[in-house]
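Take a look at the structure set out below.
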């Protein structure tokens, strides 16, 4: 593995035991994240995008959940195998996570200052006064006005956007190598969303963190991510760099998603091409390709076997029997793609 | 739009004039007194023409949903008038007097999980308005009508005896739409009807709403925070900020030539699913949060966050003192920048 790759997820399997049987919430997901890059994970509810992130952090509640297989290689270590002690040293220090709802991730009984300095005292063994100073600087860096006054307030005294800034400040305190942002702007208004995305972009430059950005909003990943993973029913549908994914999608699901969202820059009223049918019920997945019941391109083979991965040029692949692009259109030039082929 | 020679001026279906909706805040248990007011809607005027869709956009807390509810008299407005098809609804003081109008004005709600009674079957939910308004003489007629509505909204009529929990979010929203259509209404307030749904389902529901409009000649007030969706479905769009309309225009002209600095910021903040466009866009990133509607800023309510005000010192003082009126003919905007005989250069 080259030093360029920070995180490599290989054939990740996460199962949940439910009354309706075993749900394969994540089923064979693989991807790589290079240093300093942003990877977008796109999918609808139940596609397994959040579970994938939680599994990287080993935050799957067990039982009912279980990481049933795969490897999560982070700087040469398999996060799924490290001891609990090592894991605690990694979480919040080298890998941080921000969640959709900042209110439920902050402790309502503790002042913001306490919640921030705790991280530094624990991971960086800083003294109280030094931690306060570093935390206050970080609060200023994420754009909280009047940080010294706000520092000793409680989370409920902050607005939604400000709370998300506090979460980001907390996540970045130890200058982590990896930041996992799980729908960080879904609960926020568009103007606040623009502020938070700008902040993540900006801090990524300053701190040099790699980012996994999970969202259902294709517009958000278009502006943020260099590479994008599209998930459907716990599986990878397509993986590509942003441009080929949006311009020449290979998987009919990606294509359908792109056609079904209205754009703020469209010039006339057109009819949206919706994806027919309903999102899959994860306990009752059909055999073969999970997207088959909704797919306009489905053939008999789609109902029989799950499609193998097919490549469409450098670091662009999809799991589809009837892809919309010709296979291997471009030579797999990048070492990145070659490496994937070996694995 | 072509203008017919004998100038038949179409009459608006709904006229809203200076609508205000204030919610008092009380303090004290024994000596209860009003200590403040949330000015959720504070002087909103607009018209909705028959058959059109008026989009109402704004961020959370701007009063868009309250406006929708006040139109239907679900909240009794503090002041102002709402006139529906020539009748002033705000003058009808009792629920009994309002009752005959209710069947003509319906609502589709945001949360398809909360707006359906979990103990009622889908058939009963859709039939309830028919029963309330005594629109079906016989049981068979009622059942027939329910079936017809389910088919119309893309639901399998065999599921008539099922309960809401057996359906997905998108299907529940279809049930909500079927219920709203049951009384053959003329006007429907769609309050964020797609924001709780998955991306692939949002398009289905928007298409359904458009088809139904064409089919039944419906008039919509489409309330949403998603500017792309509002643009897609609306003929005209009103932008709200802190209880007031700051700009109202034809959808094409609003997006091609947004005039109010807030509208400009709002549109530029919407991400576009195209990496090439995203990498070249100029974003206006607003600073700070929306102020509280309990104690809104003086003058123009946007002045605390307005990027244009900083660039135009000649109006900066006026923005703090004076509340700008909504001016213009087809494209109306409430901003001092456009209220000068010699128009100043539009903000970049």
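Chains as they are written, first to last, in this note's numbering: chain A, 1 to 343; chain B, 1001 to 1348. Glycine included, C-beta positions come from ideal geometry on N, C-alpha and C. Just so we're clear, the structure is a prediction, and the values are computed from it rather than from any experiment.
Where residue 90 of chain A is concerned, there is no enclosing beta strand (DSSP E), although the alpha helix (DSSP H) around it starts and stops at 84 to 90. In the structure shown, the three-state DSSP call for residue 1049 of chain B is coil.
Under the criterion of beta carbons closer than 8 Å, residue 100 of chain A and residue 182 of chain A qualify as touching, at roughly 6 Å. Per DSSP, residue 1244 of chain B is one residue of the beta strand (DSSP E) stretching across 1244 to 1250. The three-state reading of DSSP puts residue 1157 of chain B in helix, counting H, G and I together. Per DSSP, residue 251 of chain A lies in no beta strand (DSSP E) and is assigned neither H nor E.
In the structure shown, residue 7 of chain A falls within a strand segment according to DSSP collapsed to helix, strand and coil. Excluding its 5 nearest sequence neighbours in each direction, residue 326 of chain A has C-beta neighbours in its own chain below 8 Å: 312, listed in chain order. When DSSP states are grouped into helix, strand and coil, residue 1319 of chain B belongs to the helix group.
Just so you know, the alpha carbons of residue 79 of chain A and residue 268 of chain A end up roughly 50 Å apart. Neighbourhood of residue 1255 of chain B in chain A, by CB distance below 8 Å: 264, 265, in chain order. Secondary structure note for residue 179 of chain A: its beta strand (DSSP E) is the uninterrupted segment 178 to 182. About 6 Å separates the CB atoms of residue 52 of chain A and residue 29 of chain A; that is less than 8 Å, so the two are in contact. Within chain B, the residues 1169, 1198 have their CB atoms less than 9 Å from the CB of residue 45 of chain A, given in chain order.
Among the residues of the segment 1226 to 1243 of chain B, those with a Cβ less than 7 Å away from any Cβ of chain A are 1227, 1228, 1229, 1231, 1232, in the order of the chain.
One finds nothing in chain B with a Cβ atom closer than 8 Å to the Cβ of residue 67 of chain A; even the nearest lies about 26 Å away. Where residue 263 of chain A is concerned, there is no enclosing beta strand (DSSP E), because DSSP gives it neither an H nor an E. The beta-carbon of residue 189 of chain A is placed less than 9 Å from the nearest beta-carbon of chain B. A straight-line Cα-Cα distance of about 5 Å links residue 1193 of chain B and residue 1110 of chain B.
Ranked by Cα distance from residue 1285 of chain B, the first of A/121, A/31, A/192, A/85 is A/192. In chain order, 1331 place their CB closer than 7 Å to the CB of residue 1253 of chain B, counting only its own chain and leaving out the 5 sequence neighbours on each side.
Between residue 106 of chain A and chain B, the shortest Cβ-Cβ separation is not below 9 Å. For residue 98 of chain A, DSSP records a beta bridge to A/181. Every unbroken stretch of the beta strand (DSSP E) spanning 3 or more residues and falling wholly within the segment 1088 to 1139 of chain B is given here in chain order: 1105 to 1108.
Interface flag for residue 1207 of chain B against chain A is set, since a Cβ pair is found closer than 9 Å.
Taking the C-beta atoms as reference points, residue 40 of chain A is found nearer than 9 Å to residue 224 of chain A. B/1170 is the residue among B/1170, B/1058, B/1095 whose C-alpha sits nearest the C-alpha of residue 1113 of chain B. Note that the C-beta distance between residue 1018 of chain B and residue 1066 of chain B is not below 9 Å. Annotated as proximal: residue 1182 of chain B and residue 1128 of chain B, with beta-carbon spacing under 9 Å. Residue 94 of chain A places its beta carbon 9 Å or farther from that of residue 206 of chain A.
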